[in-house]
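Chains Z, U and E supply the protein sequences, listed in that same order.
Just so you know, we're using the working numbering here: the first sequence kicks off at 51 and counts up by one.
Just so you know, we're using the working numbering here: the second sequence kicks off at 210 and counts up by one.
Just so you know, we're using the working numbering here: the third sequence kicks off at 19 and counts up by one.
We treat Cβ as the ideally placed atom computed from N, Cα and C, and that holds for glycine.
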Amino acid sequence: MAYPYRHDKETRVLSECFGDPAARTVAGWKAVGGYGGIARALEIGREATIEDVKASGLRGRGGAGFPTGLKWSFMPKTAARPHYLLCNADESEPGTFKDREIIRWTPHQLIEGCLVGSYAIGASHCYIYLRGEFFETTNVLARALEEAYAEGLVGSDILGSGVDIDITLHVGAGAYICGEETGLMSSLEGRRGEPRIKPPFPAAVGAFGMPSTINNVETLAAAAHIARHGGEWYRQWGTERSPGTKLFCVSGHVNKPGNYEFPLGFPLMELIEDVCGGIPAGNALKAVIPGGSSVPIMDAADCRGCTLCYEGVEAAGSMLGCASVIVMDETSDIVKQVRRMAHFYAHESCGQCTPCREGTTWATRILQRIEDGRGTEDDLDTLVQISEQMTGTTICVLSDSLAMPIISSIEKFREDYLALIRRGERVGAA
Amino acid sequence: MSEVRFRNPGWAGNTGEFDLNEADVRGTGYVGERALDGGHPSVSPSLPYMFVKKDPDAPLFEGPYRERFDKIRSRYPTARAALLPALNLAQELRGHISPETMDEVAGLLGLSDAYVRGVATFYTMYNKRPVGRFLIQVCTNISCNLCGADEVLAAFLEHTGTELGQTSSDGNFTVVEAECLAACGFPTCVQINSRYFEDVSADDVPAVLDRLKRELNRSF
Amino acid sequence: MADNGRKAETVTLTIDGREVTVPKGTSLLHAAESVGTEVPHYCYHPGLTAPAQCRICLVEVEGAPKLQPSCVTMAADGQVVHTDSPAAKRMRQGVLEFYLVNHPLDCPICDMSGECKLQDYVFDEGRERGRGREPKRVFGRDDFGGDVLYYGDRCVMCTRCVRFMDEVARDSRLTVVERGSRAVIDTFFDRGLEGASFAGNVVDICPVGALVSKDFLHKARAWDLDHTPSICPNCSHGCNIELHTRDNLVQRLKPRENQEVNGHWMCDYGRANYEWLNRPGRLEAPATGRGSDRRTADWKEALELLFGRLAAAEGDVALVGSARCSNEALAGLGALGDEMRGRTAQRVFRAPRAADEVPLPGFPLLVRRRDLVPNAHGAGLLGFQRCGDDGGEGGLDEVAAHGEVIIVLGDDLADQDGDFGANASLFVYLGTFESAAAGNADFVLPITTFAEEDGSFVNAQERVQRFQQGLRPPESARPAWLVLGALVAALRGEKTPDSAPEAFARLVAAHPAFEGLSWEAVGDAGVALGAEAAHG
């Protein structure tokens with residue numbers, strides 16, 4: 051097998067062609083049934099396509115887990131004004147590296163997903179917002195899109211259906227916040243990538259003031275398959291509340307990190323110990339961040355029995371997010387890693403909302419001081435309170451995303467903080 | 210860290226278990242050359258290259274670049290929306306976004322100079338100062354950090370003889386710390402100009418730099 | 019405002035236990051304001067769009083999962099809102115603490131101290147003690163050009179200033195530079211606000227001491243200033259303003275909201291030109307006699323003498339008024355001319371005119387008018403003809419050589435020489451400053467400026483607007499309406515008007531253009547001539 055990140059237990063729907071360069075071309079994608087999804091959608095019509103996606107139970111793969119079919123159904127049914135589909139390929143949640151894999155190995159999977167989504171919501175133009183750092187990935191997608199235009203799959207009268215759908219690649223320029231849907235819209239419009247207050251919601255007033263829907267890369271890729279096979283087909287995998295398969299991005303302290311595709315509900319410990327070959331050097335597990343850095347940290351006890359679906363991770367006290375499993379073994383310095391995350395959020399805060407602009411930076415500096423051995427126990431109370439003050443008080447959830455790892459790490463790994471604080475006291479006394 | 214993981218800096222993810230070549234992994238064989246005029250309008254706002262040679266005085270939006278700009282403009286309902294692609298294009302040519310560049314782009318799109326400055330400073334990929342022929346961006350975010358990114362960053366600084374953000378005296382290298390590059394399964398990820406170098410360890414750094422020096426005459 | 023004659027739709031909600039009925043589309047912030055509750059806010063300003071980013075106006079709405087920004091959440095029927103619940107107060111205290119983490123607390127040297135919203139809110143609800151132990155971020159001071167200085171460390175990043183320049187001035191010279199906690203307000207490098215026409219408003223709307231006026235820098239403490247409602251005297255648009263005075267000097271002019279005239283704004287030209295109100299060397303006492311016969315007199319003596327001369331005068335009368343004078347003064351001058359035996363041969367005023375109008379694009383009602391005086395329209399309505407050039411000079415050759423009665427009010431005749439009025443049988447000069455051309459005057463009578471009296475102007479929209487006395491006049495100066503009113507009353511054998519309202523009432527009775535107006539109806543907001551309200 052050419053591609054290394056594979057395991058026999060996987061259920062490969064989205065990742066079937068990862069590692070196969072031939073699948074990058076239109077011909078290669080068609081050879082595995084590609085563009086069958088958009089063909090069927092055009093055949094059954096818009097409403098039926100939305101109904102299929104609703105029936106599939108597909109939930110947004112960008113982190114929030116909102117039902118995709120329902121989101122699509124919010125779009126106005128009339129075409130009085132242009133509608134836009136915005137594909138969020140600004141993948142930048144720490145720990146997440148699935149969208150890049152989808153795009154660079156199977157660009158037509160995404161293009162087909164964009165066609166299905168655009169058709170369903172009545173959009174004649176789809177913008178794919180790629181993060182600026184993805185030069186190589188974007189080049190693959192660009193070539194694929196040129197090819198798709200040449201083959202009449204994108205543009206006017208796609209597949210002879212009379213339907214026009216344009217796709218445009220738009221690249222960002224380095225800002226995590228542009229992965230937030232309204233921040234993405236601001237950025238697409240040529241503004242600072244500052245999120246906007248909702249309401250109005252994008253389905254009413256979105257990009258360029260027009261009704262818009264924003265979907266993640268993996269969501270649209272899955273929609274292409276659902277369009278081809280129908281909603282019930284997708285429900286053969288996963289749980290009642292979390293149907294289908296999902297790419298799990300595993301990183302950190304495992305022997306075989308990578309993207310692995312499983313039905314939702316797959317056991318977390320089996321993913322770490324079996325699929326990823328366990329923890330290097332036989333070290334013990336200390337903590338897992340299950341959904342990208344923006345969710346509460348789980349300790350080893352939380353991980354036992356945890357299944358990787360929306361409700362399963364919630365039951366374990368965290369959130370599935372975009373299923374980016376960051377594994378930390380017993381050698382990990384929790385305080386340092388939380389400080390590094392805080393630094394990230396402070397660096398990426400757009401600066402509009404006061405709690406986020408000031409809170410993320412303040413928290414970072416306190417964490418740095420603790421790490422440097424100059425902290426006090428009071429600092430931990432201050433950190434928790436700052437975090438509470440940053441939760442639910444801002445336009446978007448960037449500051450909430452930092453609050454969660456801070457609060458959960460102090461709760462679960464207080465001893466790690468105290469050890470640094472006590473060491474500092476000794477240093478101070480000497 | 211583990212005997213299973215095999216590192217092969219220079220391209221993504223070779224664990225020694227598979228036989229794909231670099232062009233297959235990067236997709237360069239499939240992509241081939243991207244046209245300077247932007248190719249098909251649908252892909253014109255994308256950014257194909259970050260060139261090794263940077264010309265801060267290069268004329269903006271002339272010849273094929275003018276064609277590319279016109280294609281870009283045709284893909285958006287407003288002139289403002291062409292701002293990020295126009296700045297990207299300017300940086301592709303000049304290597305950084307100077308005040309003069311902001312002013313020119315503002316004039317081209319009918320936006321205020323201050324507005325363009327506000328946008329340009331929001332995004333970290335716009336270099337507000339000239340950078341080296343190779344801009345080395347080392348991810349030190351959590352997944353890479355757990356696997357030794359701090360040591361990788363230190364090694365780049367040591368072997369290029371630079372301070373963070375400073376350009377080496379020969380003008381070849383600028384090393385900066387990057388936030389998550391979305392290659393967390395292949396730590397440490399280092400973006401060098403437009404390419405990702407993955408599974409980079411501190412020990413690999415001299416070899417990576419040697420490769421770059423050999424590539425000084427390549428275009429990107 | 020947009021009352022189409024139909025009853026506006028209303029909603030009824032409960033705010034802090036009180037039932038409130040407001041028009042549909044009213045924000046919670048305004049709904050609370052309507053019952054006297056100020057919800058703290060920074061980024062929201064009624065003249066600008068609301069980004070809801072400062073996050074201090076969040077209130078609790080029962081049933082909502084999170085606190086809601088009251089500036090953009092619309093009041094709805096049956097809503098139950100708590101601006102003062104424990105959750106809302108805790109949030110505000112938290113946000114205020116965030117503001118203070120890097121704030122320099124340099125109130126003792128900050129011009130905004132005393133009228134600063136950060137100071138006020140922290141005083142009301144802030145934590146007793148800050149928990150910040152880290153060194154503070156330092157941005158320093160930046161000269162934005164024009165009259166504006168920026169203190170980045172005091173900035174709360176509400177972006178009102180950026181939005182004002184974008185949305186109202188439509189001259190996007192300000193922007194947020196960088197992001198997150200490194201973000202500051204800035205211009206395009208060395209290009210700043212110089213030459214902009216409305217940039218001074220950013221100082222007014224800055225809720226803290228981040229944007230301050232260079233002209234006002236360290237000049238006065240806010241709590242030492244008296245505020246007097248007035249009208250900008252520097253063009254005929256008549257922006258509603260406040261005179262801010264201390265030590266009997268105007269320290270600055272600030273716009274006063276009037277949605278029919280100037281919104282929340284005023285222009286930089288108007289704002290900057292107030293020093294003439296503080297000019298020393300004013301006429302101190304009435305004087306009589308020409309040349310070497312000139313001697314000071316008290317008012318009683320001077321007016322008795324003047325009355326005798328006026329009653330006896332036979333010849334034609336030349337009246338020179340000024341469009342810087344109130345309606346009451348100009349009407350008095352006109353009435354005096356009417357009461358004289360001679361024909362009024364001339365009834366003129368002069369006024370400097372700018373080459374162009376300067377509109378405020380985002381609030382097009384407001385225009386810096388060509389007439390750089392406040393009452394050109396009032397003067398016209400009261401029968402005075404404009405003469406002279408656009409510099410406000412010349413045009414007085416006939417008057418200067420007039421052989422009979424000349425009465426000059428408020429025009430300092432700076433361009434005229436010592437021959438002015440040399441042939442006049444009677445020359446009366448009512449003014450504020452000594453003038454070479456007044457050397458031939460038989461009577462020199464010191465009058466007050468508009469800042470030293472109550473009165474009214476008519477602006478270019480034909481709107482009558484009142485101003486109030488903000489300065490104490492020089493010892494012997496009297497309002498012109500009183501001086502002229504006394505002479506007219508004496509000639510007519512009636513009572514002297516004893517107040518500006520009384521002078522106004524006489525003006526209304528005499529001039530049909532003002533028919534139906536009353537001093538009370540004009541009020542602080544003014545009334546358009548011929549408007550229904552004026553007659554209602």
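**Prompt:** Three-state secondary structure (DSSP) at E:R386?
**Reply:** strand
**Prompt:** Enumerated in chain order, which unbroken segments of the alpha helix (DSSP H) with a length of 4 residues or greater are wholly contained in the stretch 185 to 217 of chain Z?
**Reply:** 185 to 200
**Request:** Compute the Euclidean distance between the alpha carbons of Z:G167 and Z:I456, then round it to the nearest angstrom.
**Result:** 37 Å
**Minimum Cβ-Cβ distance from E:Y169 to chain Z less than 8 Å** = no
**Prompt:** Of all Cβ atoms in chain Z, is any one closer than 8 Å to the Cβ of E:L85?
**Reply:** Interface residue, yes.
**Prompt:** Contact check, Z:V377 vs Z:I322 under 8 Å by CB: the rounded distance?
**Reply:** Yes, they are in contact, since the Cβ atoms of Z:V377 and Z:I322 sit about 6 Å apart, within 8 Å.
**Prompt:** Do you know offhand how far Z:I88's Cα is from Z:L64's?
**Reply:** 16 Å
**Asked** Distance, Cα to Cα, E:H542 vs U:F278?
**Response** For the record, residue 542 of chain E in the displayed sequence is Asp; it is not His. E:D542 and U:F278: Cα-Cα distance of roughly 56 Å.
**Item:** Residue closest to E:C224, alpha-carbon to alpha-carbon, out of E:Y169, E:R264, E:E27
**Value:** E:Y169
**Prompt:** How would you label E:I9, buried or exposed, when you count the other beta carbons within 10 angstroms and need 16 or more for buried?
**Reply:** This structure gives no information on residue 9 of chain E, because the portion of chain E shown stretches from 19 to 554.
**Request:** Compare the C-beta of U:S307 with all C-beta atoms of chain E and state if any pair is closer than 8 Å.
**Result:** no
**Item:** Three-state class that DSSP yields for Z:D379 in the structure shown
**Value:** strand
**Item:** Limits of the beta strand (DSSP E) - the one that E:F206 falls within
**Value:** Bounds of any beta strand (DSSP E) do not take in E:F206, whose DSSP letter is neither H nor E.
**Request:** Can you tell me which of Z:L180, Z:G281, Z:G302, Z:L270 puts its alpha carbon nearest to the alpha carbon of Z:S382?
**Result:** Z:G302
**Message:** Short of 7 Å Cβ to Cβ, which residues in the stretch 318 to 336 of chain U face chain E?
**Reply:** S321, D322, A323, Y324, R326, G327, T330, F331
**Item:** Z:S262 versus Z:L238, Z:G280, Z:A273, Z:D428, residue with shortest Cα-Cα distance
**Value:** Z:L238
**Prompt:** Which residues of chain U have a Cβ atom closer than 8 Å to the Cβ of Z:E239, listed in chain order?
**Reply:** For Z:E239, the chain U residues whose Cβ falls inside 8 Å of its Cβ are T287, R289, A290, in order along the chain.
**Asked** Can you tell me whether E:H59 is buried or exposed, with buried defined as 16 or more other CB within 10 angstroms of its CB?
**Response** E:H59 is buried by the Cβ-count criterion.
**Request:** For Z:I445, go through chain E and note every residue whose CB falls closer than 9 Å to its CB, in chain order.
**Result:** Here the neighbours are P69, A70, Q71, R73, P87.
**Request:** Kindly examine the ligand NAD and report whether one of its heavy atoms sits closer than 7 Å to the Cβ of E:E493.
**Result:** Annotation note on the ligand NAD: not contained in the displayed structure, which lists no ligands.
**Asked** According to the Cβ coordinates, are E:G428 and E:S340 closer than 8 Å?
**Response** yes
**Request:** Report the residues of the stretch 111 to 136 of chain E with a CB closer than 8 Å to any CB of chain Z, ordered along the chain.
**Result:** Answer in chain order: G112, V113, E115, F116, Y117, V119, N120.
**Request:** May I ask you to report which of helix, strand or coil DSSP gives U:F260?
**Result:** coil
**Message:** With a threshold of 8 Å between beta carbons, is Z:C372 in contact with chain E?
**Reply:** no
**Message:** On the criterion of 16 or more Cβ atoms from any shown chain inside 10 Å, does Z:Q286 qualify as buried, or is it exposed?
**Reply:** exposed
**Message:** Using the three-state DSSP reduction, which class does E:Y287 fall into: helix, strand or coil?
**Reply:** helix
**Prompt:** Hey, does U:E301 have any beta-carbon neighbour from chain Z nearer than 8 Å?
**Reply:** no
**Request:** Give the single residue among E:N291, E:G218, E:V230, E:V226 whose Cα lies nearest to the Cα of E:C250.
**Result:** Nearest to E:C250 by alpha-carbon distance, out of E:N291, E:G218, E:V230, E:V226, is E:N291.
**Item:** Z:Q387: contacting residues in chain U (beta-carbon distance under 8 Å)
**Value:** I351, N354, L355
**Prompt:** Comparing alpha-carbon positions, which option in U:A299, U:D246, U:L418 lies nearest U:D264?
**Reply:** U:A299
**Request:** Give me the Cα-Cα distance between E:E346 and E:L229, rounded to the nearest whole angstrom.
**Result:** Rounded to whole angstroms, the separation of the alpha carbons of E:L229 and E:E346 is 39 Å.
**Prompt:** Should Z:S206 be labelled buried (16 or more other beta-carbon atoms within 10 Å of its own) or exposed?
**Reply:** exposed
**Prompt:** Cβ atoms of E:V476 and E:G396: under 8 Å apart, would you say?
**Reply:** Yes.
**Prompt:** For a contact meaning CB atoms closer than 7 Å, what does E:R155 contact in chain U?
**Reply:** Those within 7 Å of E:R155 in chain U number zero; the least Cβ separation is about 17 Å.
**Asked** With a CB to CB cut of under 8 Å and the five nearest residues on each side skipped, what residues in its chain are close to Z:E186?
**Response** Counting only Cβ-Cβ distances below 8 Å, and skipping sequence neighbours, we find R154.
**Message:** Cutting at 8 Å between CB atoms, please list the residues of its own chain near Z:G315, excluding the five before and the five after it.
**Reply:** G288, T289, S292, T357, L358, C359, G362
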